[in-house]
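Basically my numbering = 1-based index in the sequence shown + 3.
For every residue, glycine included, the Cβ atom is placed at its ideal position computed from N, Cα and C.
Everything on this sheet refers to the single structure shown next.
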Amino acid sequence: MGRLSRLGRLSPRRPRDRLRTAITLVVGLGLSVSLAACGKAAQVHEPDGGPHGGGLRIGLLLPDNEIARFDRFDKPLIKKKVKELCPRCRVEYASAQHDTANQQHQVDAMIANGVEVLILDPVDSKAARSSVVKAHRANIPVVAYDRLVEGPVSGYVSFDGAQVGRLQGEALLRALGPDTRHKQIVMMNGSSTDPNAGWFERGALSVLRGKVRIGKSYETVGWRPENANLNMSGAIAALGAHDIDGVLSANDGLAAGVIAALKAARIHPLPPVTGQDAELGAVQRLLSGEQYMSVYKPFKPEADAAAAMAVALGHGKSLDGIAKERVGNSTTRAIPAVLLKPIALNARNIKSTLIKDGMYTIDQICTPKYMADCRKAGLIR
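This is the structure in structure tokens:
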């Protein structure tokens, strides 16, 4: 596959850009970002030199402020890493509040206000293509964050979505026991507007196909738990309350909607339900036995990689030293990519993953309702 042209190169028509380019050629780029996931350290290297000297305005566009991870982890971690790599750089943040039109207006505003790099996690990857094209025409490189957006993207960082699906599928098969051929499951997939949803589903099917019967498979519009709840209620009505042996739920939010529907149908014991994102509520469900597993994706290495890409691109540098892999979307080939390794999460490894990484404290997880479960899992004595 051919190399992606450097979209971060700045227009010779702008004196300020010429000056900044000259400065960065003299100063050079430096630092390395150490990415740790799945117990291994994946190194992300900056070109040799010191911290970036030239200041940049970096736009950070995230899809939602209702999902805890974005405000609590992604935004502050990206800002912190940008400041470490480039003390004079500024991050300008906007949340789309899960509204595609909102995000398009936010991108337009940032372009008009002169940001020099964008980090974009799209609400709708296809609809955001026009925004990426506008940025490209304005010589503003775009780093696709967590989801691969359509259009001329300069870099991409996420977790290996196929591996996420495989981890979920493998865990579900283990939960179903040695003879799964006559077991029936429901697949609660994500939204078709998110390319990651298809990636997760394909990974799961690579494990499940031929080994278990898939009674129902749903797209969950907008990744909304309430839509998952409706879908699951429909599956229970169609398949029978006692003929569902497990649920492949694409993330923890959907798992919450699924489990609520199972409880409403008075299904006991609950069948094994998978998840993803290690949300606090899901962690507590793991401890109580309501949810079988989740997938932990350490946010710090993802945020660090996005920050490193944005700073390098803003200073007109190649991503060759940062991104070792290449991916493509429907419009662009060989996009430099960092694909991190997810971790299967269950009640037994909460302490060695989430607690160790500082994602949650014992006090946050082990509220009075879950005290006995925490003792059983060895989180407290």
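F162 is bridged by DSSP to L343.
Of the candidates A207, R184, D182, A207 places its Cα closest to the Cα of N192.
DSSP lists G62, V145 as the bridge partner or partners of L121.
Residues of the same chain with a CB within less than 7 Å of the CB of P198, apart from the 5 flanking positions on each side, are S128, R150, L151 in chain order. L121 is not a Cβ neighbour of A131, given a cutoff of 8 Å. Unbroken beta strand (DSSP E) stretches of 3 residues or longer found wholly inside the segment 316–366: 328–330, 338–343, 346–348, given in chain order. Uninterrupted beta strand (DSSP E) stretches at least 3 residues long and entirely within the segment 212–300 occur at 216–222, 249–252, 297–299, given in chain order.
D248 sits buried, since 16 or more C-beta atoms from the chains shown fall within 10 Å of its C-beta. Excluding sequence positions up to five before and after V126, its CB lies within less than 7 Å of the CB of P66, A99, H101, D102, T103, Q106, all in the same chain and listed in chain order. Taken atom to atom, the span from the alpha-carbon of D182 to that of R216 is near 12 Å. A Cβ-Cβ contact shorter than 8 Å links A310 with V85.
Taking the Cα of G218 as reference, the smallest distance to any Cα among V298, H245, P155, D255 is reached at H245. Three or more Cβ pairs closer than 8 Å define a contact, and the segment 358–378 meets that threshold against the segment 281–299.
Of K300, M374, R378, the smallest CA-CA separation from D77 is found for K300. In this structure, DSSP gives V156 a state outside helix and strand, which the three-state scheme calls coil. Beta-bridge analysis with DSSP links V210 to no other residue. Annotation: the continuous alpha helix (DSSP H) that includes Q109 extends over 103–115. Here L175 is actually not in contact with P272; their C-beta atoms are around 15 Å apart, not less than 8 Å. Classified as buried, M190 has 16 or more neighbouring CB atoms from the shown chains inside 10 Å of its CB.
Contact annotation: the segment 253–268 touches the segment 226–241, with at least three C-beta pairs closer than 8 Å. Excluding its 5 nearest sequence neighbours in each direction, Q109 has C-beta neighbours in its own chain below 7 Å: L64, A97, A99, listed in chain order.
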